[in-house]
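Reviewing the structure listed below.
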Amino acid sequence: MKGTLLLCFLGCFGIALIAADLFFSTGDVIASKNKTIAFSHELHGANIGLDCTHCHTGARLGYKAHFPSKQDCLDCHRLPLTDSAGIPKLDSALQVAKAMPWQTESRVPAHVIFHHGVHAKANISCETCHGSIAEIDRGKRASVKMGECLACHRGETGFAPAATDCARCHR
Amino acid sequence: MSPLMNMLACLLAMLPAPFLWQGAMPLRLRGAFLGIVLLCFECFIFFAVLPTYSLYEILPLEMLAMCLCVSTLFLKEHTAFFAVLSQCFWLWIVFFGTFSLSYRVGASPDYIQIAMLVVGIILSPILSSKKQELRFCMAAYWAGIWVLAFTPV
Amino acid sequence: MILRVLFIVGLLLCVPSVFVLDHALTLGPASWALDQKTFWGTPIANFVFWIGLAHAGTFFSAMLLVLNVKWQKRISFPAEISTIAALFVAAIFPLIHLGIPQRFYFMFPMGLFRHLYVNMESPLVWDFVAILVYLCLSIFFLLIHGGSLRFPSLVAFRRPLAWVLFPLVLWVHTIVSLDFAITLVPTWQGAYFPIYFIMGALFSGIALVLILSELEGRRLRRLEDLLIAFSWGLLAFWIWEFMTKGIWCSEILFFGFLIPQLLWVRPLRAIPTIRVVIAMSVIFALWWERIKLVMPSAPEWTLVDYGWIALGLGGFMAIYFGLRLVTKRVFSDRIDTVSTGVSEESFPKKRIALYWGIGFSAALLFVAWFMVRVPTVPGVRMVPVFFPLMALVTGFLIVVDAFSRVLNRRVLFGLLGGIGVILGMFAGLIYQGGKTIFDESPAIIATEKMPESSRPVDVIWKSRCASCHGEEGHLNRKFVHEFYPLPREISVSRFDSLGVDSLSKVILDGRAFMGAYRGRISELEARSLIEYMRSLAKEAP
Amino acid sequence: MDQSRRDFLKVASLVLGGLALWGCRRDKNFSPAPKASSDISLWKFEIKQAMRRNIPLGDLVPIKIPGPLPKFPKEINRFGMAIDLDICNGCGECILACVLENNISRVNDREAQKGRFMHWIEMREGVPVMCSHCGDAPCEKVCPTGAAVASPDGMSAMIYPRCIGSRYCGANCPSKTRKFNYTDARAEGLSAKFNPEVPLRNRGVMEKCSLCVQRLQNDRLLAKTLGKEWRGMGVQSACAMACPKKAIVFGNWLDSESPLSQAVRGRGIYTLKSIQGLDPSVVYLVGRA
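Protein chains in written order, with the numbering used here: chain C, 1 to 171; chain B, 1001 to 1153; chain W, 2001 to 2541; chain Y, 3001 to 3289.
Structural data, given as structure tokens:
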């Protein structure tokens, strides 16, 4: 009787814990799509073999990965590239676009430093945090949760363990 | 603290033990008596020991604890129970005293003394026989704890 | 009648307290006497004071019960209620003290989703745990006591629970004393603090219980004797404070030592008002002692500092007298004279020993888990939380056992399941923690110039050139062959015939299908890119 | 009966109205937040105000040269500073540089009267005093949440989002160089983001000299990205850069080629008496050894 009682208590405790945990955990962040110029990562990336750093120039070296400037787009799009019906539309959109067509809000809080270059150097692929190209096209943003950062840094996800000292990333 | 003073403190601590629970004293008188005993210990330590000795701050309390331990030998009943209680008191003083010192001074607690006290706590219910010799043994054991805990500076 | 009046007085005192509380929480710690040197102020002093008062209840109910003191029965129930009232009041102060009170749960010693663990070396964590456990067990104890009126068989469980509470209460105040004793603040130091704090707590607590019992219309001569006895004990400590640290405070000696000596005079002692006044003087002396201890050189007090007095008194009086009135109405006066046929000795000894064992193993398990997760903490620094955790598990098991004998099975399962769900949800909430804190509006990521000084050339090649020319210099055929005439294959001889100058001009200003990179690639980088291309060409078959 | 009900309603509505007014006093419409200003002269004025306070320094005592941290025996870096008191004339330029580098907020007049300034560097009898980044830091031991935590590079770091403001670290700091955010500087328009790299702090958290951790982090990350061994060569704290007499030297204690190791060679190394046993990383230089 007493054993069952305690089991009942512990069971309820555990179930409630897991339920609350799932309930309060924050899911993936889906950004609203940029309306001015439609961009498909799939067409550029997997299809024609462009490296992410061709547009996100900081991804291998910099603190931030950066977004391409209009000039970066025009490197290739000066010329008609395909017969697709969308191309003239794109050309006219690019004509009127600002010098920096894309802007996005950082998901990293001001008190944390996340350096793209150092992670690229350690052979962490972009997909590890940003998800597959299809997911990115659906609007998924890289998840920045300290628990997930630390899981990798402790070597719990198959990567080599890295620094777990607070002041390595916090400032 | 010189070894001589250490021995002297040990003797002094045992001195009031026979008189602590003697006769039918009202509670307030007994309390006041204990307070005065503690005051005397403090005065002794104050004059006899240099404040640089790391355990300086808890020495009077340790003396009081030993006094209480020895005084249980003169009790008529519940000897073992009160012996355990007063040794727990001593253990408490030593453990938490050295624990706080470990933060401030950096020295680790004196585990030998703590272990001896724990052994004493376990032993005293067994040894609580009425035999005079065994009582003497306990007193000697406590004196031994006191002397062994002394670290020459 | 007097209880009702005091209850109303307590409620009235709560009105200014609400304003004080609101003011303090709005302005934060800036609102009371602190500066950039004095970081702990009156809330901490009041906390130590009230937690000390709370100990009296446990002393009279649990400790004296364990020590077989007969007269404790006459005062134990009001004393237990006073414990709970004083504990609730005491728990408010550290929360107000915090700079960010809503983050108090960061002190729960559990793993979090963010892989964060509390610092087990900090006495505040021990404090937090010990006080939570103390609050839980005091409530358990009161439940058993109150329940035993309805179900006399519960009386048997009072003594085992008292054995849990007895060391716990000493442990709690020891930990409170360690908050100060371990620091490097000269006036807070003292390896003798644990015993000193316990003595002080019991002294003020006895004075409080004396007042409470006078209000019940009872006189306990033992309490007066205890007051005298403790005043001598504390005198010894105050003198020792002076001898070791040179701290001398005549007000404390006057109110805390000299005035209680009036109790030696028999005619004075016989007057209830005098007794109450002496007890109040003791309480005041110990309150002042805590203030002096926490902040020896006080910045000028603000209204909020004085407001804590109203908050403490009002909260205590409202809770204590409120509960007292309710229990009087519910149980009439039976509560004060518990006399049931069940002997207090007849508890299941073996089973209680088992509970202690389970409690011990649970605490050991916790410590082991924590030390695996946070290996930097020395094991001995976990000792202060060990006992409270053990006491919590043991006490909980004892209470469940006790009530499983008297309550309906369905009710019991429902109750325990409900408590489990609530606790589990709290644990889950704390485990997940708050959302990521964006204190500032998120930075906008846009194209900015990369630091040009030290970009390695292979990285520039990969990001700027490889999309057409290929990572190895063999063209990216996925992209190029469909739409453009193929760029020339690179070869060393071509390089040498064209020369560095003209090639770098191509990179910077563009040619044919190649775009201009001036502004994005510096001239120096262009030259090193050419070197790089040349090395690629060499490697090409 | 009717009369009394009316009275009751009157009293109740008065009380409710009063409470509503009381509740509104924090409302932004009632007391609009003052406009934030990033005029540096305001900070300069405040620094002058702070320097006028006469804070005693206490004795300086000689110590040994800081070596590897016992907590992190394998580390090759331990950053620190040396302040040459033979050169320093207490001009206070370092305080301004520190303020601008670390976005230190001003305090309002009431706080200033109480002397509750936020400056990480404080002039005590003309000597700049900041957190010494003790190797055996008492603040880290007592922080309940681990917000004050040792970094392997020798800094005693402060993790603001983890701080709950128990102020235990400040109470236990013998040199009293930790600063508590008593004021809500952002709400009162007293803070400015001079340096985009450093976050602003909220009311209720502790802060202190970070040894310009952001500069060290940036340099380390760049070095690691390029695959080089990092000894922090070339990094300088804001105060060291700003000192007109070059009295403050920043560097790596464990690198014999760092400017710090060069500067302390043959000099007398001193620290505040209150922290002499705590293995400080920030020291004073006086005379020859």
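All residues carry an ideal CB built from backbone N, CA and C; glycine is no exception.
Worksheet entry | 7 Å Cβ cutoff met for residue 1067 of chain B and residue 1017 of chain B | yes
Practice prompt. Out of W:2497, W:2479, W:2177 and W:2457, state which residue places its alpha-carbon closest to the alpha-carbon of residue 60 of chain C.
Written response: W:2457
Worksheet item: Which residues in chain C sit within 9 Å of residue 3132 of chain Y, going by Cβ to Cβ distance?
Response: Correct list: empty, because the minimum Cβ distance to chain C is about 16 Å.
Discussion item. Measuring straight from C-alpha to C-alpha, what distance separates residue 2072 of chain W and residue 2142 of chain W?
Written reply: 15 Å
Worksheet item: Shorter than 7 Å from the beta carbon of residue 122 of chain C to some beta carbon of chain W?
Response: no
Item to complete: Determine, using beta-carbon pairs with one atom in the stretch 2427-2444 of chain W and one in the stretch 3193-3205 of chain Y, whether at least three such pairs fall under 8 Å.
Response: yes
Practice prompt. For chain B, find out if any of its Cβ atoms is closer than 7 Å to the Cβ of residue 2425 of chain W; answer yes or no.
Written response: no
Worksheet item: Run through DSSP, which three-state label would residue 2339 of chain W get?
Response: In this prediction, residue 2339 of chain W scores a pLDDT of 48, lower than 50, which makes its location untrustworthy; the coordinate-derived value is nonetheless stated afterwards. Three-state result, residue 2339 of chain W: coil.
Discussion item. Less than 7 Å between CB atoms is the rule here; does residue 2342 of chain W satisfy it with respect to chain C?
Written reply: The pLDDT assigned to residue 2342 of chain W is 48, lower than 50, so where the model puts this residue is not dependable; a value taken from the coordinates is nonetheless given after this. So no, residue 2342 of chain W is outside the interface.
Worksheet item: How close, in whole Å, do the beta carbons of residue 3165 of chain Y and residue 2098 of chain W come, if the pair is a contact with beta carbons under 8 Å?
Response: 5 Å
Item to complete: From the DSSP output, read off the bridge partner residues of residue 3128 of chain Y.
Response: In the DSSP output, where bridge partners are listed per residue, residue 3128 of chain Y has Y:3123.
Worksheet entry | Exposed unless 16 or more other CB atoms sit within 10 angstroms - verdict on residue 2341 of chain W | Low per-residue confidence applies at residue 2341 of chain W: pLDDT is 44, beneath 50, and the placement is therefore not dependable enough to give any value.
Worksheet item: Which residue comes first and which comes last in the beta strand (DSSP E) that contains residue 3084 of chain Y?
Response: 3079-3084
Fill in: is_contact[residue 110 of chain C, chain W] using C-beta, thresh 7 Å
yes
Worksheet item: So, is the C-beta of residue 1141 of chain B closer than 7 Å to a C-beta in chain W?
Response: For residue 1141 of chain B, the answer is no, since every Cβ of chain W falls outside 7 Å of its Cβ.
Worksheet entry | Nearest-angstrom beta carbon gap, residue 2171 of chain W and residue 2387 of chain W [assumed within contact, 8 Å] | So it is a contact: roughly 5 Å between Cβ atoms.
Fill in: Buried versus exposed call for residue 3074 of chain Y [16 or more other C-beta atoms within 10 Å across all chains shown]
exposed
Worksheet item: Among C:158, C:4, C:21 and C:9, which has the Cα closest to the Cα of residue 2415 of chain W?
Response: C:9
Worksheet item: Using the C-alpha atoms, what's the distance from residue 2282 of chain W back to residue 2255 of chain W?
Response: 6 Å
Discussion item. Could you check whether the Cβ of residue 96 of chain C sits closer than 7 Å to any Cβ belonging to chain Y?
Written reply: no
Worksheet item: Which term fits residue 3285 of chain Y, buried or exposed, when burial requires 16 or more other beta carbons within 10 angstroms of its beta carbon?
Response: Its Cβ being crowded by 16 or more others within 10 Å, residue 3285 of chain Y is buried.
Discussion item. My assumption, with CB atoms under 8 Å, is that residue 2195 of chain W sits in contact with residue 1093 of chain B. Please give the rounded CB distance.
Written reply: 6 Å
Worksheet item: Near residue 2339 of chain W, what residues of its chain come up, given a Cβ to Cβ distance below 7 Å and the 5 sequence neighbours on each side ignored?
Response: Its pLDDT being 48, under 50, residue 2339 of chain W is placed unreliably in this model, and the value from its coordinates should be taken loosely. Nothing listed; no residue qualifies.
Discussion item. On the DSSP bridge list, what partners appear for residue 3062 of chain Y?
Written reply: The partner list for residue 3062 of chain Y (beta bridge, DSSP) reads Y:3270.
Worksheet item: Listing by chain order, which chain Y residues have their CB less than 9 Å from the CB of residue 144 of chain C?
Response: Residues of chain Y passing the Cβ test: none, with the nearest at roughly 13 Å.
Item to complete: Using 10 angstroms around the beta-carbon of residue 3233 of chain Y, count the other beta-carbons present and answer buried if the total reaches 16, otherwise exposed.
Response: exposed
Worksheet item: residue 1015 of chain B to residue 1115 of chain B, Cα distance in whole Å?
Response: 25 Å
Worksheet item: Given that a residue counts as buried once 16 or more other Cβ atoms are within 10 Å of its Cβ, and exposed if not, what is residue 3117 of chain Y?
Response: buried
Discussion item. Tell me the DSSP secondary structure of residue 3172 of chain Y in three-state form.
Written reply: helix
Worksheet entry | Inter-residue spacing [alpha-carbon to alpha-carbon] between residue 2503 of chain W and residue 3152 of chain Y | 47 Å
Worksheet entry | Which listed residue (Y:3133, Y:3007, Y:3008 and Y:3246) has its alpha carbon closest to that of residue 3253 of chain Y | Y:3133
Worksheet item: When DSSP labels each residue in this structure, what does residue 3075 of chain Y get in the three-state scheme?
Response: coil
Worksheet item: Of the choices B:1111, B:1069, B:1106 and B:1037, whose alpha-carbon is the least far from that of residue 1137 of chain B?
Response: B:1069
Discussion item. I'd like the ranges of any alpha helix (DSSP H) spanning at least 4 consecutive residues and lying wholly in the stretch 2246-2310 of chain W.
Written reply: Counting whole runs of 4 or more residues, the stretch 2246-2310 of chain W contains the alpha helix (DSSP H) stretches 2250-2253, 2266-2269 and 2272-2294.
Worksheet item: When the distance is taken between beta carbons, is residue 2208 of chain W closer than 7 Å to residue 2012 of chain W?
Response: no
Practice prompt. Just the chain C side, please: which residues come within less than 8 Å of residue 2466 of chain W by C-beta, in chain order?
Written response: 51 and 54
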